[in-house]
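Novice: Here it is: the structure, laid out below.
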């Protein structure tokens, strides 16, 4: 796995989690006390846990399945942020999506190609 991709995934997921919880608890955000904000926070937590689990997995079918689930979680969390009209959640979820794509498809050792 590519370390920078996993780092982007974890940071993006943590940002989603923090932004969604901030929107849920702070008054006058427009999404306070809404179920959608809690679901977005749950999506952020899933992204962070996905980064942690992917960091410990070797290649195999379980890794491919987990990458697919994390990609879906990032897309659906971005959609939740879009519906909440909280565009920083969308941006953070897209950063997490970029991270999982880098982690899944980038060469972790590009200097070996020389």
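In our numbering, the protein residues as written are 14 to 127. Using N, Cα and C, we set each Cβ at its ideal position, and we do this for glycine too.
Is it true that the CB of residue 86 sits closer than 9 Å to the CB of residue 112?
Specialist: Here the question's residue 112 lines up with position 99 in the chain shown. Here the question's residue 86 lines up with position 73 in the chain shown. No. Outside cutoff.
Novice: Using 9 Å as the threshold, is the C-beta distance between residue 45 and residue 36 below it?
Specialist: Residue numbering aside, residue 45 sits at position 32 when the chain shown is read from its first letter. Residue numbering aside, residue 36 sits at position 23 when the chain shown is read from its first letter. Result yes, Cβ atoms of residue 45 and residue 36 sit closer than 9 Å.
Novice: Within 10 Å of its beta-carbon, does residue 17 have 16 or more other beta-carbons around it, so buried, or fewer, so exposed?
Specialist: One-based indexing of the chain shown puts residue 17 at position 4. Exposed.
Novice: Please list the terminal residues of the continuous alpha helix (DSSP H) segment that includes residue 24.
Specialist: For this step, residue 24 is matched to residue 11 along the chain shown. 16-38 is the extent of the alpha helix (DSSP H) around residue 24.
Novice: Report the CB separation of residue 79 from residue 109 in whole angstroms; it is logged as a contact under 8 Å.
Specialist: Within the chain shown, the letter at position 66 stands for residue 79. Within the chain shown, the letter at position 96 stands for residue 109. So it is not a contact: roughly 14 Å between Cβ atoms.
Novice: Alpha carbon to alpha carbon, what distance is there between residue 107 and residue 8?
Specialist: The structure shown does not extend to residue 8, since the chain is modelled only from 14 to 127, so the question has no answer here.
Novice: For the candidate residues 71, 65, 72, 49, whose alpha-carbon lies nearest to that of residue 89?
Specialist: As a working mapping, residue 89 is identified with position 76 in the chain shown. Checked all of 71, 65, 72, 49; the closest Cα to residue 89 is 49.
Novice: Start and end of the alpha helix (DSSP H) containing residue 117?
Specialist: Along the chain shown, one-based indexing puts residue 117 at 104. Note, residue 117: alpha helix (DSSP H), 100-118.
Novice: Could you pull out every residue in the same chain whose Cβ sits closer than 8 Å to the Cβ of residue 10, ignoring the five residues on either side in sequence?
Specialist: Not covered by the structure: residue 10. The range shown for the chain is 14 to 127.
Novice: Residue range of the alpha helix (DSSP H) that residue 80 falls in?
Specialist: One-based indexing of the chain shown puts residue 80 at position 67. Looking at the DSSP string, the run of the alpha helix (DSSP H) that includes residue 80 is 74-96.
Novice: Hey, quick one: how far does the alpha helix (DSSP H) through residue 56 stretch, first residue to last?
Specialist: Counting from one through the chain shown, the residue named residue 56 turns up at place 43. Its alpha helix (DSSP H) spans residues 48-69.
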